[in-house]
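> Quick note: the sequence shown uses the numbering used here, first residue 691, plus one each step.
Every residue gets a Cβ at the ideal spot worked out from N, C-alpha and C, and that includes glycine.
Since the structure is predicted, the reported quantities are computational estimates derived from the model, not experimental observations.
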Amino acid sequence: MASIQLTNQLTTTDKDIPTPSAFDGSARTRAKDYLLEVELVNQPISIDLFKDLSTSFDPYVQVFQVPKGNRGANLAETGTFVAQDDDSGVFPNSKIDGFDTEYFSGASKPLTSLPGVDYVVRVTSYNSLASLPQPFTLQVSTPSGTVALKDPITGATLDAGGNIIGGGSGDPLTGNLPVRRFFDKQAGSHFYTTDPSEKADRLNNPARYQSEGDDFIAPANGNAKVQRFFNTASGTYFYTNKPTDIQFIRDNLPQFRAEGEVFNSYNTAVSGAIPVYRFTNLAREWENPRNITHFFTASQADRQAVQGRSDFRDEGVAFYALPPA
């Protein structure tokens, strides 16, 4: 049997959602989402959600189906709702049994792994929470293969404490985090990340990637999430916190694949913030109009050097961040 278990807690910083209870009116509660990857198809999936017996927390678990490879902070909201449970474990714990249809919503068979999909497991409460934090234990198992609980934004694997493996507290949307810049020699462009596993992958491949240090700091209190898109035509990445950019890409650039929110930023020049500038690499588009490629920098020296080149177009400030240490 494949099984994974983690212990965490619902807190005031978790997602704010309506309570699942139909009797709570407009009451709200908190929810924490986990990306579930199941190695093998046609595997019954069992999910147990246990509360701390010293609390009044009424644990409630929901499951959403999403296309494999999708990432983002709102995966559950964009996925297909497939299962839920309130008290079917040893009361009042929640349990979705992969061999039983009783806990399924709108389905005629047990929760079973399908090809081409992942799952979002949402930990929440049936009613509004009288106090926070509320500790819980989540366990997922299948008869064969492997299962992994991951961060829904980055796809990084989580440890038994809900932290990104190798990343300390790990979540790229909490804490001031340095954004490392890498030059991709193969794609001829730059890659920016706060994620420890992404950094390690590139540091371990110096033939392709050259580390250029930390370009700026993603602020813990940033008011705008930066989204990342992968251009499948050019092998390059685009970063933006602007809703207009995101909508334009969705409507007009099918070669761009959304990879979700990757770090925090500011959308205005708050006190202590610095601008991160954006340039379009025109030479790549002269090769092929689909090869839309951008360069981002918080360095004034880099900015001045690129402004003097005819093969780059200055597009102003992409977003604001904190200066590197």
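Whether or not the segment 775 to 783 and the segment 737 to 757 are in contact is what I'm after, with contact meaning three or more pairs of Cβ atoms, one per stretch, closer than 8 Å; do they touch?
They touch, by the three-pair rule.
> Note down, in chain order, each residue of its chain lying with its Cβ closer than 6 Å to the Cβ of residue 905, except the 5 sequence neighbours on either side.
In the sequence shown, counting from the first residue as 1, residue 905 sits at position 215. Answer for residue 905: 869, 871, 988, listed in chain order.
> With a 10 Å radius around its C-beta and 16 neighbouring C-beta atoms as the bar for buried, classify residue 977 as buried or exposed.
As a first step, residue 977 is located in the sequence shown; it is residue number 287 there, counting from the start. Burial call: exposed.
> Between which two residues does the beta strand (DSSP E) harbouring residue 752 extend?
On the sequence shown, residue 752 is found 62 positions in, with the first residue counted as 1. It spans 749 to 757 - the beta strand (DSSP E) in which residue 752 sits, taken as one unbroken run.
> Where residue 775 and residue 806 are concerned, what is the direct C-alpha to C-alpha distance, given to the nearest angstrom?
Translated into the one-based positions of the sequence shown, residue 775 becomes position 85. Translated into the one-based positions of the sequence shown, residue 806 becomes position 116. The alpha-carbon of residue 775 is positioned some 24 Å away from that of residue 806.
> How many angstroms separate the CA atom of residue 997 from the CA atom of residue 973?
Taking the sequence shown and counting its residues from 1, the one referred to as residue 997 is at position 307. Taking the sequence shown and counting its residues from 1, the one referred to as residue 973 is at position 283. Roughly 14 Å separates the two Cα atoms.
> Measure the C-alpha to C-alpha separation of residue 863 and residue 828 and round it to an integer number of angstroms.
Against the sequence shown, residue 863 aligns to sequence position 173. Against the sequence shown, residue 828 aligns to sequence position 138. Any reading at residue 863 must be qualified, since the residue scores a pLDDT of 45, below 50, and its modelled position is unreliable; the value itself is stated next. Roughly 22 Å between the two C-alpha positions.
> Give a yes or no on whether the C-beta atoms belonging to residue 751 and residue 811 are separated by under 8 Å.
Indexing the sequence shown from 1 puts residue 751 at position 61. Indexing the sequence shown from 1 puts residue 811 at position 121. It is a contact, given that the beta carbons lie within the stated cut-off.
> Candidates 1003, 902, 916: which alpha carbon is nearest residue 1014's?
Numbered from its first residue, the sequence shown carries residue 1014 at position 324. Ranked by Cα distance from residue 1014, the options 1003, 902, 916 are led by 902.
> In this structure, does DSSP put residue 868 in helix, strand or coil?
As a working mapping, residue 868 is identified with position 178 in the sequence shown. Looking at residue 868 - three-state DSSP - the assignment turns out to be strand.
> I need the boundaries of the beta strand (DSSP E) containing residue 1011, first residue and last residue.
As a first step, residue 1011 is located in the sequence shown; it is residue number 321 there, counting from the start. Looking at the DSSP string, the run of the beta strand (DSSP E) that includes residue 1011 is 1002 to 1011.
> Would DSSP call residue 727 helix, strand or coil?
Taking the sequence shown and counting its residues from 1, one reaches residue 727 at position 37. Of the three classes helix, strand and coil, the one that applies to residue 727 here is strand, per DSSP.
> Does the beta-carbon distance from residue 820 to residue 746 come in below 8 Å?
Taking the sequence shown and counting its residues from 1, one reaches residue 820 at position 130. Taking the sequence shown and counting its residues from 1, one reaches residue 746 at position 56. Closer than 8 Å, so yes.
> Given a cut-off of 8 Å on the beta-carbon distance, is the pair residue 761 and residue 842 in contact?
Counted from its first residue, the sequence shown places residue 761 at position 71. Counted from its first residue, the sequence shown places residue 842 at position 152. Yes, Cβ-Cβ distance for residue 761 and residue 842 is below 8 Å.
> Might you give, ordered along the chain, the residues of its own chain that have their beta carbon closer than 6 Å to the beta carbon of residue 861, omitting 5 neighbours on each side?
As a first step, residue 861 is located in the sequence shown; it is residue number 171 there, counting from the start. Because the pLDDT at residue 861 is just 43, under 50, the model does not fix this residue reliably, and the value given afterwards should be weighed accordingly. No residues qualify anywhere along the chain.
> Compare the beta carbon distance of residue 838 and residue 832 with 8 Å and say whether it is the shorter of the two.
In the sequence shown, the residue the question calls residue 838 occupies position 148. In the sequence shown, the residue the question calls residue 832 occupies position 142. Result no, Cβ atoms of residue 838 and residue 832 do not sit closer than 8 Å.
> Can you tell me which of the three DSSP states residue 804 falls into?
Walking along the sequence shown from the start, residue 804 turns up at place 114. Correct three-state label for residue 804: coil.
> Which of helix, strand or coil does DSSP assign to residue 711?
Start at 1 with the first residue of the sequence shown, and residue 711 comes out as number 21. In the structure shown, residue 711 sits in coil (DSSP, three-state: anything other than H, G, I, E or B).
> Nearest to residue 931 by alpha carbon, out of 813, 1011, 769, 733?
Stepping through the sequence shown from its first residue, residue 931 is reached at position 241. Residue 931 has its Cα closest to that of 1011, out of 813, 1011, 769, 733.
> Sorted by chain position, which residues of the same chain lie with C-beta nearer than 8 Å to residue 856's C-beta, five sequence neighbours on each side aside?
Residue 856 sits at position 166 when you count from the first residue of the sequence shown. In this prediction, residue 856 has a pLDDT of 43, which is less than 50 and means its spatial position is unreliable; what the coordinates show is noted afterwards. Correct list, in chain order: 886, 887, 890.
> According to DSSP, which residues form a beta bridge with residue 875?
As a working note, residue 875 is residue 185 in the sequence shown. DSSP output for residue 875 lists no bridge partner at all.
> Is it the case that the Cβ atoms of residue 723 and residue 765 are separated by a distance below 8 Å?
Along the sequence shown, one-based indexing puts residue 723 at 33. Along the sequence shown, one-based indexing puts residue 765 at 75. Yes, the Cβ-Cβ distance between residue 723 and residue 765 is below 8 Å.
> Can you list, in chain order, the residues of its chain whose CB lies under 7 Å from that of residue 850, leaving out five sequence neighbours each side?
Taking the sequence shown and counting its residues from 1, one reaches residue 850 at position 160. Counting only Cβ-Cβ distances below 7 Å, and skipping sequence neighbours, we find 695, 696, 697.
> Residue 932 lies in the beta strand (DSSP E); which residues open and close that run?
Numbered from its first residue, the sequence shown carries residue 932 at position 242. No beta strand (DSSP E) holds residue 932; DSSP gives it neither H nor E.
> Give every residue of the same chain whose Cβ lies closer than 7 Å to the Cβ of residue 945, excluding the five residues on either side of it in the sequence, and list them in chain order.
Your numbering for residue 945 matches position 255 in the sequence shown. Cβ within range, chain order: 921, 922, 923, 980.
> Determine the direct distance from the alpha carbon of residue 942 to that of residue 873, and round the result to whole angstroms.
Along the sequence shown, read from residue 1 onward, the residue named residue 873 stands at position 183. Along the sequence shown, read from residue 1 onward, the residue named residue 942 stands at position 252. Those two C-alpha atoms are separated by around 27 Å.
> Return the Cβ separation of residue 983 and residue 926 in integer angstroms, given the expectation that the two are a contact with Cβ distance under 8 Å.
Along the sequence shown, one-based indexing puts residue 983 at 293. Along the sequence shown, one-based indexing puts residue 926 at 236. Cβ-Cβ separation between residue 983 and residue 926: approximately 4 Å, consistent with a contact (criterion under 8 Å).
> Is residue 996 helix, strand or coil by DSSP?
Walking along the sequence shown from the start, residue 996 turns up at place 306. In this structure, residue 996 counts as helix in the three-state DSSP scheme.
> State the DSSP-derived secondary structure class of residue 819, mapped to helix, strand or coil.
Stepping through the sequence shown from its first residue, residue 819 is reached at position 129. If DSSP states are grouped into helix, strand and coil, residue 819 belongs with coil.
> Would you kindly report the start and end of the unbroken alpha helix (DSSP H) that includes residue 834?
Along the sequence shown, read from residue 1 onward, the residue named residue 834 stands at position 144. Counting along the chain, residue 834 falls outside any alpha helix (DSSP H), and DSSP gives it neither H nor E.
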